[in-house]
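> Under our numbering, the first residue of the sequence shown carries the number 9, and numbering increases by one thereafter.
Ideal Cβ positions, reconstructed from N, Cα and C, are used throughout, including at glycine.
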Amino acid sequence: MAHDIVCWKCGASLAALTLPLRRLEECPKCHAELHVCRLCVDYDTRVAKHCREPIAEEVRDKEHANFCDYFKPRPGAYTPPNTAEVDKARTELEKLFGKK
C-alpha cells in the first residue's frame, strides 16, 4: 500500500514501509526512530504537551520511539531547516566576534 509519509528528521520517503509502523521502525536513510510524536498527526507545538489527543498520556521525548496507542503518521512531518536564517546569524556573529 503506497503512502506519502516521509521521515520527520531527514525528509526521506517512507513509501517502502508498510503501515502501521512498528514501534521500533527506523528511517532507511538516517535511521531516526519513526514511531515518535514528531511524525504523528496529533503533534502540535501550539497546544499543551504538544499533543492534540486529549486522553493520550504525555510523552516527554518527542523524538524517540514511544508506546502511544494514538500514534498515526502524518504526511508532511518534515520541515526543512531555515538555512538562510542560520547563515545570516552566523555571518552577523562572525562580524561581531571575528572569524575563527
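Spatial neighbours of Y86 within its chain, please: CB distance less than 8 Å, with the 5 preceding and 5 following residues excluded, ordered by chain position.
Excluding sequence neighbours, Y86 sits near V14, C15, W16, K17, C18, G19.
> Following the continuous alpha helix (DSSP H) through F105, name the residue where it begins and the one where it ends.
91 to 105 is the extent of the alpha helix (DSSP H) around F105.
> DSSP three-state call for C59: helix, strand or coil?
In this structure, C59 counts as strand in the three-state DSSP scheme.
> Which residues in the same chain as M9 place their Cβ atom closer than 6 Å to its Cβ, once the five residues preceding and following it in sequence are excluded?
Its pLDDT being 44, under 50, M9 is placed unreliably in this model, and the value from its coordinates should be taken loosely. Cβ within range, chain order: n/a, list empty.
> For D69, tell me which candidate among T26, R46, H11 has the shortest Cα-Cα distance.
Ranking the options by Cα distance to D69, first place goes to R46.
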